Every structure is written in structure tokens, then in C-alpha cells.
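Position 458 (the sequence shown) corresponds to 515 in the numbering used here; numbering is contiguous.
Cβ atoms here follow ideal geometry from the backbone N, Cα and C, with glycine treated the same way.
A quick note: this is a predicted structure, and the numbers were derived from the prediction, not measured.
Structure record follows, encoded as C-alpha cells.
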Amino acid sequence: IPQLPHGTHKIKWFISDGCGNDKVEEYTFTVKDCKAPTVVCLNGLSVNIMPTQMIQLWASDFLQYTEDNCTPNPLKLGIRKSGTGTGFPVDANGNPITSVTFTCDELGTQFVELWAIDAAGNADYCETYVLVQDNAGNCAPGMQIDVAGALKTETNEGLEEGGVELTGTHPALPPVAMFDLSNATGNYTFNNAIPVAGNYVVTPTEDDQPLNGVSTYDLVLISKHILGIETLNSPYKMIAADANKSGSITTFDIVELRKLLLGIYQVLPNNTSWRFVDKSYSFPNAQNPFQTQFPENIAVADAQADQLAEDFVSVKVGDVNGSAQANSLMQVDDRSNGIIFVDAADRAVVKGEKFTVNFKSSKLMTGMQFTMNLKGLEVVNVIPGAKMTENNFGVFADAVTASFEGSDEFAVTFRATAAGQLSQMLSMNSRITKAEAYAEAGDRYDVALRIGGVVNGFELFQNTPNPVNGVTTIAFNLPEAGEATLTIATVDGRVVKTVSGNFVKGMNKVEVNSNELESGVLFYQVQSGNYNATKKMVVVK
Numbered sequence: 058i059p060q061l062p063h064g065t066h067k068i069k070w071f072i073s074d075g076c077g078n079d080k081v082e083e084y085t086f087t088v089k090d091c092k093a094p095t096v097v098c099l100n101g102l103s104v105n106i107m108p109t110q111m112i113q114l115w116a117s118d119f120l121q122y123t124e125d126n127c128t129p130n131p132l133k134l135g136i137r138k139s140g141t142g143t144g145f146p147v148d149a150n151g152n153p154i155t156s157v158t159f160t161c162d163e164l165g166t167q168f169v170e171l172w173a174i175d176a177a178g179n180a181d182y183c184e185t186y187v188l189v190q191d192n193a194g195n196c197a198p199g200m201q202i203d204v205a206g207a208l209k210t211e212t213n214e215g216l217e218e219g220g221v222e223l224t225g226t227h228p229a230l231p232p233v234a235m236f237d238l239s240n241a242t243g244n245y246t247f248n249n250a251i252p253v254a255g256n257y258v259v260t261p262t263e264d265d266q267p268l269n270g271v272s273t274y275d276l277v278l279i280s281k282h283i284l285g286i287e288t289l290n291s292p293y294k295m296i297a298a299d300a301n302k303s304g305s306i307t308t309f310d311i312v313e314l315r316k317l318l319l320g321i322y323q324v325l326p327n328n329t330s331w332r333f334v335d336k337s338y339s340f341p342n343a344q345n346p347f348q349t350q351f352p353e354n355i356a357v358a359d360a361q362a363d364q365l366a367e368d369f370v371s372v373k374v375g376d377v378n379g380s381a382q383a384n385s386l387m388q389v390d391d392r393s394n395g396i397i398f399v400d401a402a403d404r405a406v407v408k409g410e411k412f413t414v415n416f417k418s419s420k421l422m423t424g425m426q427f428t429m430n431l432k433g434l435e436v437v438n439v440i441p442g443a444k445m446t447e448n449n450f451g452v453f454a455d456a457v458t459a460s461f462e463g464s465d466e467f468a469v470t471f472r473a474t475a476a477g478q479l480s481q482m483l484s485m486n487s488r489i490t491k492a493e494a495y496a497e498a499g500d501r502y503d504v505a506l507r508i509g510g511v512v513n514g515f516e517l518f519q520n521t522p523n524p525v526n527g528v529t530t531i532a533f534n535l536p537e538a539g540e541a542t543l544t545i546a547t548v549d550g551r552v553v554k555t556v557s558g559n560f561v562k563g564m565n566k567v568e569v570n571s572n573e574l575e576s577g578v579l580f581y582q583v584q585s586g587n588y589n590a591t592k593k594m595v596v597v598k
């Protein structure tokens with residue numbers, strides 16, 4: 058058969074027995090090119106040096122998959138350190154080399170070639186890397202130095218689970234790249250991280266829970282700073298106020314933070330949740346931290362000894378009053394000084410009807426925010442009150458969020474998609490924007506919707522006063538009359554007081570004396586039918 062191109066071909070055979078009996082048979086066959094196998098590497102490994110001061114890795118450790126187009130027999134794998142040879146790696150006897158070994162002299166990022174070869178001798182490879190570390194300190198003492206420090210807020214609260222990246226170089230050794238998370242006290246440690254005489258850079262990063270510590274009261278304080286009424290009194294608070302990371306504090310920062318509060322933004326588009334400043338840095342102008350670029354990492358050259366005080370000041374973006382919870386050990390101040398009501402008149406609603414509802418708070422507050430849930434209603438438009446614009450509201454398919462300062466009334470035009478009573482179609486909670494209000498000095502209040510004089514929806518409010526030393530009042534709202542149980546328990550779940558009974562539709566209050574309770578942090582829960590909620594109180598005796 059002459060040489061044929063790749064593809065499918067047919068051959069006809071003419072067969073004769075010499076007696077006039079002829080037959081034709083047709084055969085189909087395929088000509089294909091046996092190409093080199095495809096081999097795909099995993100995207101890097103991270104390993105620690107063992108107590109033997111070395112580690113052995115196998116070709117299969119790096120393999121994601123390999124395949125071949127025509128070899129019936131299994132492919133053979135081989136591996137070598139990158140740049141140490143050519144062709145498929147074999148030993149002196151012609152057998153594949155299937156492992157590589159790294160020692161303390163090879164800490165850092167090391168590149169390898171992973172090879173595959175078929176029965177016809179076709180071979181190919183992919184390149185990947187392994188990060189060799191000595192976190193357990195198994196390498197010889199004195200060869201490596203430790204790097205450690207802390208991520209703490211301006212008030213010395215440790216930032217928990219802050220990411221810290223360490224990168225390093227050495228004139229005669231491979232580069233180093235390591236990562237750690239700070240603990241509950243804000244501390245991080247890289248053991249045996251950098252070769253003596255090496256250079257390194259420590260860079261913290263954290264971009265989680267952007268709303269942590271951010272409220273409308275922060276916008277009040279930022280506005281006062283911009284207007285010169287009451288300036289922020291530390292460079293770190295000013296960095297926190299720079300929400301759009303422009304190097305200045307303007308009304309645009311308030312706009313960005315308000316979108317975050319209203320649920321329009323899920324994250325700040327031009328900033329991270331936390332920023333970090335080298336603690337040893339002294340601002341040339343404490344009244345303007347943006348005058349010169351402040352260091353957000355720590356770089357050290359020619360390190361000769363352990364570096365154990367690479368500390369940073371952690372700045373929660375948007376939080377200028379220091380209310381963010383930086384770690385799980387902090388006691389969050391969630392005290393409420395009472396309840397502020399947002400009032401509206403009740404009315405019957407006809408399906409398809411377009412109507413306007415006026416809302417007014419029971420008291421003029423410095424700032425207020427909340428989520429108003431809609432059932433059978435859709436928003437046509439929001440009518441802002443004094444000192445408001447449409448930017449103070451977020452409109453969603455099933456909710457309206459609000460965040461405003463120095464105003465006590467607004468209106469919303471709705472279109473009814475179902476018939477009903479308005480009091481059953483509107484409710485208020487913290488589903489998107491946390492429902493709370495603030496007095497001039499920053500005292501916090503709960504916020505509830507009251508339609509026709511009746512609070513609608515299930516809601517458990519913060520006990521007042523809190524901390525408790527004497528009598529405290531626990532208020533909760535029920536959407537319908539029925540049985541409810543108030544349970545007060547310790548942090549380990551031990552119940553110290555229970556109050557059960559039939560309660561009315563709307564607002565209910567239960568008074569509890571601290572003599573009936575234990576000192577310290579307690580949790581109280583109200584359960585009624587399918588509704589339940591839990592809050593925390595502090596008892597001081």
C-alpha cells in the first residue's frame with residue numbers, strides 16, 4: 058500500500074478462484090499520527106522539610122492528568138528539577154527517574170519538569186513548582202531567621218485571621234513565599250523563614266466583612282470632619298474615612314460607604330475592608346496622613362537575626378468610631394438606649410392601586426438606618442424628606458433600605474400587587490441594613506416600624522438598661538397574640554431564668570431584676586411559634 062495521508066481509508070480486495078467465481082471485499086482502516094502524550098501539571102505544591110532535613114516527592118504528586126492518542130500501554134512518567142537535563146529523564150540504566158529530593162539548601166520556590174513518554178518514544182512535559190518550607194525548624198540552627206509581629210488596631214485590639222504574606226530573596230538561594238493568618242491576639246509568626254543575609258517584605262491583607270463596624274453614625278462623624286465642625290483626631294481614623302482610597306476625605310467617601318450600608322454595594326469597589334500601616338512609621342503631618350505615602354508593608358534588607366516585632370496598625374475602612382469587632386475575644390458593645398419608632402397610618406390596599414405613605418420617626422435622631430420589607434407592594438418612587446436625597450435609600454424588589462442623618466420624615470409611593478392591609482404588608486428589621494438609630498453622642502437605639510399605632514412583625518429588642526444592675530426591661534413585638542417564652546441563659550447554655558405566658562399582638566415588655574440573674578454575659582431568647590430571636594445582655598453586680 059503506498060504512503061497514505063492521515064484519516065480514514067477504504068481498500069477493495071478482488072478475489073477469484075479461477076473458475077469464474079469472483080468476489081470483492083472492502084476494508085476500512087484509519088491512518089493516524091501517534092503524537093506525543095499530553096501531560097498536565099498540578100498548579101504547585103507546598104511542602105515542609107522533614108526531620109531528616111530533606112523531602113522526597115514523586116512524579117505522581119505533581120500530576121493532574123496525562124493522556125495519549127494511540128499508545129495502548131500505560132504511559133511512563135518521569136521528573137527532574139527544571140534546567141538539569143534534556144529529554145525524558147532516565148537513570149544510568151535507562152529507567153525513568155520518578156522522584157526528586159529537596160534539602161534545607163533548597164528552601165523556597167523550586168521548579169520541576171514532569172514528563173510523560175509513550176511506547177513509541179514520543180515524550181512531552183509540563184513545568185510546575187513546589188514551595189519548600191521549614192515551618193517546623195528542622196534545618197540546621199542559624200541558617201534561617203524567624204519573622205514575627207502583630208496586627209492590632211489603634212486601641213490595641215488584635216485583628217484575628219488577618220492574612221500576612223512574606224516574600225523573600227537571597228543572592229545565592231531561591232526566592233521564599235510564605236503565608237500565615239494572625240491569631241485572636243493579632244500575632245503571626247514565620248519560623249525559619251528567611252536565610253541569613255536575605256531580604257524580605259511582609260504584607261498584611263484582609264478584605265472580609267466590609268460592614269464590620271460601619272454605620273450611619275460613622276457617616277455623621279465623617280461629615281463633621283469634612284465641614285470642620287469636629288475633625289477626626291487621629292491619622293488612622295482619617296485613613297478609615299477614605300473609603301474610595303483617593304488620598305483625601307470628601308463627600309464621595311460618604312456616598313461610597315452609604316451604598317455599602319444600603320446593600321447597593323457588597324464590597325467597596327476601590328478599597329479593601331482593612332488597611333495596614335507600619336506601626337513604627339511616624340506621620341510627618343498627623344493632621345493629614347495622605348500628605349506623604351505611608352508604608353503598608355515592611356521591607357528589610359540583609360537580615361542578620363530574628364525579626365520579631367514587625368507590627369502593623371490595623372485600620373477598619375469606614376469605621377471611624379472604633380466599633381468594629383477585630384477578634385472573637387472582644388466584647389461587642391451592643392447596648393441599646395431604647396426604641397425609636399417609624400410611624401405611618403394604616404389603611405386598606407386595593408390590588409393595582411398606586412398610593413403614597415408618609416413615614417415619620419417618633420424622635421429626631423442624629424442618624425438612622427433600617428430595612429423595610431415589602432409584601433404585595435412594589436416601589437414606584439421614594440420622596441426624600443429634608444436633608445435627604447434619593448441616595449439615602451436603596452430600592453429592591455422586596456425591600457427599601459434607608460440611611461440618613463438629621464431628618465425624621467420621608468414618603469414612599471407604592472403600587473399594590475395584591476390586596477390587603479398596609480400593616481400586614483410592611484415590616485422592619487435588619488435583613489439588609491441594620492435597624493438602629495443614633496443620638497448626638499453616639500448612643501444607639503433600636504428602630505421599629507409602627508403602623509396605625511401598632512408595631513408590626515416579630516422583633517426582639519435590646520434590653521434597657523444594659524449593662525444591668527437592678528431592673529432591666531426586655532421588649533419584643535409579636536405579629537399576633539399567642540404564647541411566648543423568654544429564656545435567659547449563660548454563655549455555656551445553662552438556663553438561669555424562664556418566663557412563659559400569653560402575650561398580646563404588638564409590643565410586649567418583661568421586667569427582670571439582676572438579683573434573679575448571674576453576673577457576666579448572658580443570652581436571652583424569645584420564642585413564639587415559628588418565631589425566635591436571641592440577644593446578649595451584661596449583668597453587673
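C-alpha distance - residue i paired with residue j, whole-angstrom precision
{"i": "residue 308", "j": "residue 283", "result": "8 Å"}
{"i": "residue 246", "j": "residue 217", "result": "13 Å"}
{"i": "residue 123", "j": "residue 235", "result": "30 Å"}
{"i": "residue 152", "j": "residue 177", "result": "16 Å"}
{"i": "residue 134", "j": "residue 253", "result": "37 Å"}
{"i": "residue 331", "j": "residue 297", "result": "8 Å"}
{"i": "residue 319", "j": "residue 118", "result": "48 Å"}
{"i": "residue 374", "j": "residue 267", "result": "8 Å"}
{"i": "residue 368", "j": "residue 240", "result": "14 Å"}
{"i": "residue 593", "j": "residue 383", "result": "18 Å"}
{"i": "residue 510", "j": "residue 395", "result": "17 Å"}
{"i": "residue 448", "j": "residue 313", "result": "10 Å"}
{"i": "residue 317", "j": "residue 324", "result": "7 Å"}
{"i": "residue 322", "j": "residue 351", "result": "27 Å"}
{"i": "residue 208", "j": "residue 356", "result": "16 Å"}
{"i": "residue 358", "j": "residue 227", "result": "10 Å"}
{"i": "residue 290", "j": "residue 354", "result": "24 Å"}
{"i": "residue 474", "j": "residue 401", "result": "20 Å"}
{"i": "residue 341", "j": "residue 360", "result": "27 Å"}
{"i": "residue 43", "j": "residue 242", "result": "Look at the range of the chain in this structure, 58 to 598, and you will see that residue 43 is not part of it."}
{"i": "residue 175", "j": "residue 102", "result": "26 Å"}
{"i": "residue 411", "j": "residue 404", "result": "13 Å"}
{"i": "residue 459", "j": "residue 446", "result": "11 Å"}
Rounded Cβ spacing between residue i and residue j (contact assumed at less than 8 Å)
{"i": "residue 3", "j": "residue 413", "result": "Here the chain covers residues 58 to 598 and nothing more, so residue 3 does not appear."}
{"i": "residue 259", "j": "residue 223", "result": "6 Å"}
{"i": "residue 428", "j": "residue 489", "result": "4 Å"}
{"i": "residue 329", "j": "residue 232", "result": "About 25 Å separates the two Cβ atoms, so there is no contact after all."}
{"i": "residue 160", "j": "residue 110", "result": "6 Å"}
{"i": "residue 486", "j": "residue 514", "result": "7 Å"}
{"i": "residue 255", "j": "residue 225", "result": "5 Å"}
{"i": "residue 371", "j": "residue 333", "result": "6 Å"}
{"i": "residue 433", "j": "residue 482", "result": "5 Å"}
{"i": "residue 419", "j": "residue 444", "result": "At roughly 18 Å, the Cβ-Cβ gap does not stay under 8 Å, so residue 419 and residue 444 are not in contact."}
Contacts around residue i, its chain only, beta-carbon distance under 8 Å, and the 5 residues preceding and following it disregarded
{"i": "residue 170", "result": "136, 137, 138, 139, 146, 182, 183, 184"}
{"i": "residue 553", "result": "545, 546, 547, 573, 574, 575, 579"}
Residues near residue i in its chain [Cβ-Cβ closer than 6 Å; skip 5 each side]
{"i": "residue 343", "result": "292"}
{"i": "residue 466", "result": "417, 442"}
{"i": "residue 591", "result": "580, 582"}
{"i": "residue 556", "result": "543, 567"}
{"i": "residue 92", "result": "126"}
{"i": "residue 95", "result": "124"}
{"i": "residue 68", "result": "84"}
{"i": "residue 452", "result": "436"}
{"i": "residue 530", "result": "521, 566, 568"}
Beta-carbon proximity list for residue i, same chain, < 7 Å, skipping 5 on both sides
{"i": "residue 499", "result": "274, 378"}
{"i": "residue 564", "result": "512, 532, 534"}
{"i": "residue 476", "result": "406, 407, 408"}
{"i": "residue 80", "result": "72"}
{"i": "residue 108", "result": "195"}
{"i": "residue 300", "result": "310, 313, 314, 325, 328, 374, 375"}
Residue i beta carbon near the ligand SAH (any heavy atom closer than 7 Å)
{"i": "residue 479", "result": "For the structure depicted, the ligand SAH is absent and the ligand set is empty, with no information on it obtainable."}
For the stretch 317 to 392, list the beta strand (DSSP E) runs that are entirely contained and at least 3 residues long, ordered along the chain.
-> Considered as a whole, the stretch 317 to 392 harbours 331 to 335, 355 to 360, 369 to 373 as its complete beta strand (DSSP E) runs of no fewer than 3 residues, in chain order.
Is the stretch 528 to 538 in contact with the stretch 566 to 586, if contact means three or more CB pairs nearer than 8 Å?
-> Taking a contact to require three or more Cβ pairs closer than 8 Å, the stretch 528 to 538 and the stretch 566 to 586 qualify as touching.
Report the residue ranges of all beta strand (DSSP E) runs contained in full by the stretch 203 to 234; include only those spanning at least 3 residues, in chain order.
-> Correct list: 220 to 227.
Quick one: any contact between the stretch 506 to 522 and the stretch 544 to 554, if contact means 3 or more CB pairs under 8 Å?
-> Under the 8 Å Cβ criterion, the stretch 506 to 522 does not count as touching the stretch 544 to 554, having fewer than three qualifying pairs.
Examine the Cβ distances between the stretch 421 to 438 and the stretch 494 to 512 and report whether three or more of them are shorter than 8 Å.
-> Contact holds: three or more Cβ-Cβ distances are below 8 Å.
Could you name each continuous beta strand (DSSP E) segment of 3 residues or more that falls completely within the stretch 134 to 199, going from the start of the chain to the end?
-> 156 to 160, 165 to 174, 180 to 190, all fully within the stretch 134 to 199.
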